[in-house]
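First residue of the sequence shown: 1, per our numbering; consecutive thereafter.
First comes the structure, then the notes that go with it.
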Amino acid sequence: MKAYALLWIACLTASSLCGADAIAPVAGTIDESGHLNGTGTAARFSDPTGLARDAAGNLYVCDARNHVIRKIAPGGIATTIAGQAGVSGAVNGTGSVARFCFPSDIAVAPNGTLYVADTGNHCIRQITTAGVVTTLAGDLGSADDIDVSYGSTYTTVAVDLDGTGSAARFHSPSGITYVSSCFLYVSDTGNQLIRKVTLAGVTTTVAGKAGEWGAADGAGTNARFSAPMGICMGTDGNLYIADSMNHTIRCMTPQFVVSTYAGNALEAACKSGSRLSARFSEPTDIAPHPGGGFIICDSFGNAVFRLTAEGNVSLLAQDEASSPSALANPNSAVCDSYGNIYVSDTFHQQVRLIIEKFQSTIQKANGTNQLTITWDSIIGRSYQLQELTNQTWVNANIAPIVATQAQTSVTFPMPQQKSGIYRIMLLGF
């Protein structure tokens, strides 16, 4: 099945252009859950959550309700790289032998190694490029990973248990980011903590106090969080945290000093503005933008925000009736080098692409009776020129164009009536 995104409508009257938002499917079909490998909308997911992207353009997805880790290669080719669909568990091993339990976030190192916040197993997992899954930190599948007693089948242990490998304890970790060749940061969501995990598995607590939630700024154990989730590193060397139930974005320096960077813990809403006057409902992820600043997923508000380097927050997409950019619990985001935004649209069961940067020009070709349209494009993706005829959009007599550069052009004969309405579509997979 093919899908497309309307990029813009060209209104050829005095050679003018008018724009429109663009959002396109990458993999999965809206509102159809399941597990199926395939290309584009032929694939199926069940509550996709955390996203990561490597230098080659591959996306990695925590397919949470399927308890597996998926890969989406350029071209929208979705495969399963670890775990068995629909089977939760706590098993290390290679490929489908491994088991996960509601994995919720993922990070990728420059060498291709993946690190997973295995939320339901209360631990951090590692996946090599060969698909070998091991447990880096936390006691895989052990009941004493839970910090309170839920009955006779669970063991009560002290919260905030730092240590190496299986000696460490987590409570529903749901955010992870790769920092350097030395360590990771993890949002230990149920414990209201930010943890540091070395690549040797040594876990320490760097901010917050275990089991105590709040919204206090401060250094180390003086800071308080309320269900911290997605995290990322800023270009300034600080860690940025989607503090979901505080409705804020927090900032932690390398010295572990925590401050409120955007939003207000006393007010939940979806509102644009300067960073401290902006409002979020339940931010679940934050991702760096190549132009500076961040992309923020607000799952409860069904919204995606852009927070610029200058500190201005604007709404990029939100759930609206009949809107082509409608979202349902956007959980995680990642950008490519052009600023295009990949989003796990969790309750729509799809990974989607929001095209932020799109400029176009239309002009008469010099010395000819032809028109040339030039537009910003995504390398490797296909575009189709269409024209409006008798109130129906039809393909122009031009084959789909595969973009080979960041800008693509098409030249075609000017219509005899000297006016017309055209549009360029980004074709689906």
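Glycine included, C-beta positions come from ideal geometry on N, C-alpha and C.
By the 10 Å Cβ neighbour count, where 16 or more other Cβ atoms means buried, how is residue i classified, buried or exposed?
i: G94; result: It should be pointed out that residue 94 corresponds to Thr in this sequence rather than to Gly. Per the 10 Å Cβ criterion, exposed.
i: S46; result: buried
i: A269; result: exposed
i: L426; result: buried
i: T368; result: exposed
i: Q405; result: exposed
i: E282; result: buried
i: P400; result: exposed
i: L12; result: Residue placement at L12 is flagged as unreliable, the pLDDT there being 45, under the threshold of 50; a coordinate-derived value is accordingly withheld.
i: D145; result: With a pLDDT of only 45 at D145, under 50, the local geometry of the prediction cannot be trusted, and no value is derived from it.
i: D188; result: buried
i: R123; result: A small fix is needed here, since residue 123 is Cys in this sequence, not Arg. So C123 counts as buried.
i: V116; result: buried
Between the options, which lies nearest to residue i when the distance is taken from Cα to Cα?
i: I176; options: F170, N92, V186 and A262; result: V186
i: S56; options: G380, Q126 and T408; result: Per the sequence presented here, residue 56 reads as Ala, with Ser not at that position. The shortest Cα separation from A56 among G380, Q126 and T408 belongs to G380.
i: L327; options: S299, F280 and N222; result: S299
i: G40; options: N58, G76 and F256; result: G76
i: I194; options: I23, T253, T361 and A200; result: T253
i: P173; options: L140, V91, G237 and R44; result: L140
i: A78; options: Q384, A109, Q350 and A90; result: Q350
Residue range of the beta strand (DSSP E) that residue i falls in?
i: Q363; result: S360 to K364
i: C335; result: P330 to C335
i: V186; result: F183 to D188
i: K196; result: L193 to T198
i: C123; result: C123 to I127
i: V26; result: I23 to A27
i: N395; result: T392 to N395
i: Y422; result: G420 to L427
i: E387; result: S382 to T389
i: F412; result: Q407 to P413
My understanding is that residue i touches residue j, with C-beta atoms under 8 Å, so please give their C-beta distance in whole angstroms.
i: D105; j: C62; result: 6 Å
i: H35; j: A85; result: 4 Å
i: A215; j: S226; result: 7 Å
i: I470; j: A242; result: Nothing in the structure corresponds to residue 470, since the chain is present only between 1 and 429.
DSSP state of residue i, grouped into three classes?
i: Y154; result: At Y154 the pLDDT is 48, less than 50, meaning the model places this residue with poor confidence; the figure from the coordinates comes in the next sentence. Coil, per DSSP.
i: A167; result: helix
i: S172; result: coil
i: A55; result: coil
i: V97; result: helix
i: G38; result: strand
i: T372; result: strand
i: F300; result: coil
i: T253; result: coil
i: A82; result: strand
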